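Undergrad: Sequences listed follow chains A and B, in order. Under this note's numbering, the first sequence has 527 at position 346, and the numbering climbs by one with no breaks. Under this note's numbering, the second sequence has 135 at position 68, and the numbering climbs by one with no breaks. Sharing a structure below in structure tokens format, with a few things to ask.
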Amino acid sequence: MLLIAATTLFTGCKSNVGSKESTQNGLSYEIGKTAEASIENRLVVNDIPLTEDQKEYTITPIIEGLTNPWGMCWLPNGDLIYTEKEGRMYRYDGKSSYAINNVPAVYARGQGGLLDVTIHPDFKENNIIYISYASPEGAEPGGNTAVAKAVLKNNDLTDFKVLYKASPNTKQGVHFGSRFAWDTDGYLYFTTGDRGNRDENSQDVTRDNGKIYRIHDDGRIPADNPFVNTKGAKTAIYCYGNRNVQGITTHPKTGAIIAHEHGPEGGDEINFIKSGVNYGWPVISYGEEYGGGVFAENTEKEGMAQPFYYWVPSIAPSGFAIIDNAAYGDWNGNYLIGSLKFQYLEMLSVTKSGVTKREKLADQFGRLRNVKMSPDGIIYIGVEGKGIFTITRN
Amino acid sequence: MKLLNLILPTLIIIALTSCGDTKKNETVATNNTASEQNVTTDPLIKSVIRGKAIYRELCVTCHLTNGKGVVGAFPPLNPSNWLTEKRAASIHAIKHGLKGPIEVNGKPYDNIMLPLGLDDQEIADVMNYTIQTWNKGAIITLDEVKAVNK
Numbered sequence: 182m183l184l185i186a187a188t189t190l191f192t193g194c195k196s197n198v199g200s201k202e203s204t205q206n207g208l209s210y211e212i213g214k215t216a217e218a219s220i221e222n223r224l225v226v227n228d229i230p231l232t233e234d235q236k237e238y239t240i241t242p243i244i245e246g247l248t249n250p251w252g253m254c255w256l257p258n259g260d261l262i263y264t265e266k267e268g269r270m271y272r273y274d275g276k277s278s279y280a281i282n283n284v285p286a287v288y289a290r291g292q293g294g295l296l297d298v299t300i301h302p303d304f305k306e307n308n309i310i311y312i313s314y315a316s317p318e319g320a321e322p323g324g325n326t327a328v329a330k331a332v333l334k335n336n337d338l339t340d341f342k343v344l345y346k347a348s349p350n351t352k353q354g355v356h357f358g359s360r361f362a363w364d365t366d367g368y369l370y371f372t373t374g375d376r377g378n379r380d381e382n383s384q385d386v387t388r389d390n391g392k393i394y395r396i397h398d399d400g401r402i403p404a405d406n407p408f409v410n411t412k413g414a415k416t417a418i419y420c421y422g423n424r425n426v427q428g429i430t431t432h433p434k435t436g437a438i439i440a441h442e443h444g445p446e447g448g449d450e451i452n453f454i455k456s457g458v459n460y461g462w463p464v465i466s467y468g469e470e471y472g473g474g475v476f477a478e479n480t481e482k483e484g485m486a487q488p489f490y491y492w493v494p495s496i497a498p499s500g501f502a503i504i505d506n507a508a509y510g511d512w513n514g515n516y517l518i519g520s521l522k523f524q525y526l527e528m529l530s531v532t533k534s535g536v537t538k539r540e541k542l543a544d545q546f547g548r549l550r551n552v553k554m555s556p557d558g559i560i561y562i563g564v565e566g567k568g569i570f571t572i573t574r575n
Numbered sequence: 068m069k070l071l072n073l074i075l076p077t078l079i080i081i082a083l084t085s086c087g088d089t090k091k092n093e094t095v096a097t098n099n100t101a102s103e104q105n106v107t108t109d110p111l112i113k114s115v116i117r118g119k120a121i122y123r124e125l126c127v128t129c130h131l132t133n134g135k136g137v138v139g140a141f142p143p144l145n146p147s148n149w150l151t152e153k154r155a156a157s158i159h160a161i162k163h164g165l166k167g168p169i170e171v172n173g174k175p176y177d178n179i180m181l182p183l184g185l186d187d188q189e190i191a192d193v194m195n196y197t198i199q200t201w202n203k204g205a206i207i208t209l210d211e212v213k214a215v216n217k
């Protein structure tokens, strides 16, 4: 007989986005020019129907029994390196998985943990490997996204060095970003999320989080990063106004850096990533508050880039790859994006003007956490609660 | 009837101003007086308030703000026969994750929920929030959570 009348009143909070701009006053940087470049690619409508799974492919298990295979990359000898979000990392040689030692302590709350992994472009010479993770390092309780490099010696991480640690820490368990991409000039890009503090973080280049960063392979800040001359800015920032970026990839033909990001309810986006561009979160969005309610000022605004593509409703995208293998026939060149929410792999046919077709692969196979192309051109997927699988065409 | 004495005269109004993932300005009015001090008098109310913040942080993406879930994908908590009849199994799911076929309110679900990295008190809090807001039942204590092992 619990006589609790718990009346819960939700007062929709009008997001105080207008004032955020004032924090930008006094900072000098040019966004107009670069923003236009991506607007060229803008897709105006997103009402492309989702083609049902045609099932003209084979899914083959590679490593089963995994909990949350977040990151994957390959060594030059073909061994597969993969992470488990809870804080473990393995090398798979085609037969067995071997634990990699000296993985740092991670902040494994909610979406945090050991996240992405990538090797140095010259790994053959230097054996350098990079990881991203939710790190508890720092004065405040909680954690935030960190990027570190180490030399992989047999199954040990040695010469471990943190290259970047976003701050401040927070106990929020959401929005760590984490994904890596290398561009054709050898710069390393990594992504973050807004850490559940969209109103303070994403639009302010003097703060970490809600950004995509670009660094040299040793952690130095490139001299031509967009905010190197901006007072107080985090100079590793390459673009801002992002929510939570869990997919970034380098186009195999053009070298373009392309990312997708989670919206709230609706408003997941694909963006071509350009220096200094403001992608608008949370001032503009095609999404709504969880449970409904508009918070964004608008869906577009001067000085803020429109997405190349956006999803309503959200698919909850994680992992991003572009097929670059003629053996996949008319799939070749298509974009692949994992859907956590609807448990399939989304395949997009893309032209210069935008997305022309959407198709489900691996429908209902599980929460698709990651998708990558292996060096020999095979599609690999990481699935929560299952493991790592390949997809080949029949 | 200790529990009854604790809770019976209490009318809680949780008025909250919600800004997406961020929780702010939660106030609790007891006996028609909005009094911050009264917040500390009832462990269940305190737990429910903390649990709401955790729910809005980590649970809302699948189970939604209203706890209704998504038909065929994410089971409802509003209401849920698990929260009334299967307390230990519910705690276990939050603590250690849950995967594979289950039945909630007589409907089948087959999905995965990963462990969330919450400590035992946080698990008690989020259980108390979902039970007291959308279901019925006694307070979940820290000991009840501790007793659920892998």
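Beta carbons are placed, not taken as given, at the ideal position from N, Cα and C, and that holds for glycine. Just so we're clear, the structure is a prediction, and the values are computed from it rather than from any experiment.
Below 8 Å, can you find three or more Cβ-Cβ pairs linking the stretch 397-409 of chain A to the stretch 436-443 of chain A?
TA: no
Undergrad: Could you check if Asp109(B) is buried or exposed, using at least 16 other CB atoms within 10 Å of its CB as the buried criterion?
TA: Stepping through the second sequence from its first residue, residue 109(B) is reached at position 42. Flag for Asp109(B) reads buried.
Undergrad: Go through its chain and collect everything with a Cβ distance to Glu245(A)'s Cβ below 6 Å, but skip five positions before and after it.
TA: Looking up residue 245(A) in the first sequence gives position 64. Answer for Glu245(A): Gly568, listed in chain order.
Undergrad: Please specify which runs of the alpha helix (DSSP H), each continuous and at least 4 residues long, are wholly inside the stretch 392-462 of chain A, giving them in chain order.
TA: none
Undergrad: List the residues that DSSP assigns as beta-bridge partners of Pro168(B).
TA: For this step, residue 168(B) is matched to residue 101 along the second sequence. Note: Pro168(B) sits in a beta bridge opposite Asp177(B).
Undergrad: Ordered along the chain, which non-local residues of its own chain (more than five positions away) have a Cβ less than 7 Å from that of Asn202(B)?
TA: As a working note, residue 202(B) is residue 135 in the second sequence. So the qualifying residues of the chain are Pro146, Ser147, Leu150, Thr151.
Undergrad: Would you identify the three-state DSSP class for Lys522(A), choosing helix, strand or coil?
TA: Counted from its first residue, the first sequence places residue 522(A) at position 341. DSSP places Lys522(A) in coil when its eight states are reduced to three.
Undergrad: Roughly how many whole angstroms lie between the Cα atoms of Ser555(A) and Gly391(A)?
TA: Walking along the first sequence from the start, residue 555(A) turns up at place 374. Walking along the first sequence from the start, residue 391(A) turns up at place 210. C-alpha separation (whole angstroms): 29 Å.
Undergrad: Give me the chain B residues within the contact set of Gly566(A), using Cβ-Cβ distance strictly less than 7 Å, ordered along the chain.
TA: In the first sequence, counting from the first residue as 1, residue 566(A) sits at position 385. By Cβ distance, chain B contributes Lys166, Ile179.
Undergrad: Less than 8 Å between the C-beta atoms of Asn423(A) and Ser383(A), yes or no?
TA: Locating residue 423(A) in the first sequence gives position 242, where the first residue counts as 1. Locating residue 383(A) in the first sequence gives position 202, where the first residue counts as 1. A contact, by the Cβ cut-off of 8 Å.
Undergrad: I'd like the list of long-range same chain contacts for Gly358(A), defined as Cβ closer than 7 Å, with 5 residues on each side in sequence excluded.
TA: Here the question's residue 358(A) lines up with position 177 in the first sequence. Once the five neighbours on either side are set aside, the close Cβ partners of Gly358(A) are Thr326, Thr372, Thr373, Gly374, Asn425, Val426, Gln427.
Undergrad: Determine, for Glu124(B), whether the minimum Cβ-Cβ distance to residues of chain E falls below 8 Å.
TA: Structure shown: chain E not included; protein chains present are A and B.
Undergrad: Quick check on the DSSP output: the alpha helix (DSSP H) that includes Asp340(A) runs from which residue to which?
TA: Walking along the first sequence from the start, residue 340(A) turns up at place 159. First-last for Asp340(A): 337-346, but that is the beta strand (DSSP E), not the alpha helix (DSSP H).
Undergrad: When the distance is taken between beta carbons, is Arg395(A) closer than 8 Å to Tyr419(A)?
TA: Counting from 1 along the first sequence, the entry for residue 419(A) is found at position 238. Counting from 1 along the first sequence, the entry for residue 395(A) is found at position 214. Yes; because the gap between Cβ atoms is below 8 Å, this pair is in contact.
Undergrad: Tell me, please, whether the CB atom of Arg548(A) is closer than 8 Å to any CB atom in chain B?
TA: Taking the first sequence and counting its residues from 1, the one referred to as residue 548(A) is at position 367. Interface residue, yes.
Undergrad: What do you get for Ala508(A), buried or exposed, if any count of 16 or more other CB atoms within 10 angstroms of its CB means buried?
TA: The count along the first sequence starts at 1 and reaches residue 508(A) at position 327. Result: exposed.
Undergrad: Which whole-angstrom value describes the C-beta separation of Gly268(A) and Val287(A), a residue pair presumed to lie in contact below a C-beta threshold of 8 Å?
TA: What you label residue 268(A) is simply residue 87 of the first sequence in a count that begins at 1. What you label residue 287(A) is simply residue 106 of the first sequence in a count that begins at 1. Contact flag correct, Cβ pair sits at about 4 Å.
Undergrad: Looking only at its chain, what residues have a beta carbon closer than 6 Å to the beta carbon of Phe523(A), apart from the 5 residues adjacent to it on each side?
TA: Along the first sequence, read from residue 1 onward, the residue named residue 523(A) stands at position 342. Contacts found: Ile496.
Undergrad: From the beta carbon of Arg290(A), is the nearest beta carbon of chain B less than 8 Å away?
TA: As a working mapping, residue 290(A) is identified with position 109 in the first sequence. Chain B, which has a Cβ nearer than 8 Å to the Cβ of Arg290(A), makes this yes.
Undergrad: Roughly how many angstroms lie between the CA atoms of Leu131(B) and Glu321(A), to the nearest whole one?
TA: Here residue 131(B) corresponds to residue number 64 of the second sequence, with the count starting at 1. Here residue 321(A) corresponds to residue number 140 of the first sequence, with the count starting at 1. Whole-angstrom Cα-Cα distance: 30 Å.
Undergrad: Output, in chain order, the set of chain B residues within a Cβ distance shorter than 7 Å of Asn249(A).
TA: Position 68 of the first sequence, counting from 1, holds the residue named residue 249(A). The contacting residues are Leu181.
Undergrad: If Asp398(A) and Gly367(A) are in contact, beta carbons under 8 Å, what's the gap, nearest whole angstrom?
TA: Position 217 of the first sequence holds residue 398(A). Position 186 of the first sequence holds residue 367(A). At roughly 6 Å, the Cβ-Cβ gap stays under 8 Å, so Asp398(A) and Gly367(A) are in contact.
Undergrad: How big is the Cα-Cα spacing for Val332(A) and Arg123(B)?
TA: For this step, residue 332(A) is matched to residue 151 along the first sequence. For this step, residue 123(B) is matched to residue 56 along the second sequence. A straight-line Cα-Cα distance of about 40 Å links Val332(A) and Arg123(B).
Undergrad: Have a look at Asn513(A), Ile451(A), Val284(A) and flag the residue whose alpha-carbon is nearest the alpha-carbon of Gly535(A).
TA: Locating residue 535(A) in the first sequence gives position 354, where the first residue counts as 1. Checked all of Asn513(A), Ile451(A), Val284(A); the closest Cα to Gly535(A) is Ile451(A).
Undergrad: Trp363(A) bridges to which residues according to DSSP?
TA: Position 182 of the first sequence, counted from the start, is the residue given in the question as residue 363(A). Paired residue(s): Leu369(A).
Undergrad: Let me confirm a value: Val138(B) is counted as buried when at least 16 other C-beta atoms fall within 10 Å, else exposed. Which label applies?
TA: Residue 138(B) sits at position 71 when you count from the first residue of the second sequence. Val138(B) should be labelled exposed.
Undergrad: What does Val132(B) touch in chain A if you count any residue whose Cβ is under 7 Å from its own?
TA: Walking along the second sequence from the start, residue 132(B) turns up at place 65. Correcting the residue type first, residue 132(B) is Thr in the shown sequence and not Val. Those are Tyr471, Gly472, listed as they occur along chain A.
Undergrad: Tell me the DSSP secondary structure of Glu245(A) in three-state form.
TA: Sequence index remark: in the first sequence, residue 245(A) carries index 64 (1-based). DSSP places Glu245(A) in strand when its eight states are reduced to three.
Undergrad: Quick check on Thr197(B): buried or exposed, where buried means 16 or more other Cβ atoms within 10 Å of its Cβ?
TA: Taking the first residue of the second sequence as position 1, residue 197(B) is located at position 130. With 16 or more Cβ atoms within 10 Å of its Cβ, Thr197(B) is classed as buried.
Undergrad: Give the straight-line distance between the Cα atoms of Pro463(A) and Gly275(A), rounded to the nearest whole angstrom.
TA: By one-based count along the first sequence, residue 463(A) stands at place 282. By one-based count along the first sequence, residue 275(A) stands at place 94. C-alpha separation (whole angstroms): 44 Å.
Undergrad: Given this structure, state the Cα-to-Cα distance separating Lys538(A) from Trp512(A), to the nearest angstrom.
TA: By one-based count along the first sequence, residue 538(A) stands at place 357. By one-based count along the first sequence, residue 512(A) stands at place 331. Cα to Cα, Lys538(A) sits roughly 11 Å from Trp512(A).
Undergrad: Have a look at Cys126(B) and Asn307(A) and give me their C-alpha separation to the nearest angstrom.
TA: By 1-based counting over the second sequence, the position of residue 126(B) is 59. By 1-based counting over the first sequence, the position of residue 307(A) is 126. Approximately 43 Å, taken between the alpha carbons.
Undergrad: Give a yes or no on whether the C-beta atoms belonging to Asn216(B) and Gly118(B) are separated by under 8 Å.
TA: In the second sequence, residue 216(B) corresponds to position 149, counting from 1. In the second sequence, residue 118(B) corresponds to position 51, counting from 1. The answer is no: Cβ separation not under 8 Å.
Undergrad: Does the CB of Val552(A) have a neighbour CB from chain B at under 8 Å?
TA: Reading the first sequence from its first residue, position 371 is the one you call residue 552(A). Not an interface residue.
Undergrad: Starting from Asn382(A), follow the alpha helix (DSSP H) in both directions and report where the run begins and ends.
TA: By 1-based counting over the first sequence, the position of residue 382(A) is 201. In this chain, the alpha helix (DSSP H) harbouring Asn382(A) covers 379-382.
Undergrad: Report yes if the CB atom of Thr430(A) is closer than 8 Å to the CB atom of Leu181(B), and no otherwise.
TA: Here residue 430(A) is taken as the residue at index 249 of the first sequence, counted from 1. Here residue 181(B) is taken as the residue at index 114 of the second sequence, counted from 1. Taking 8 Å as the Cβ cut-off, Thr430(A) and Leu181(B) do not qualify as a contacting pair.
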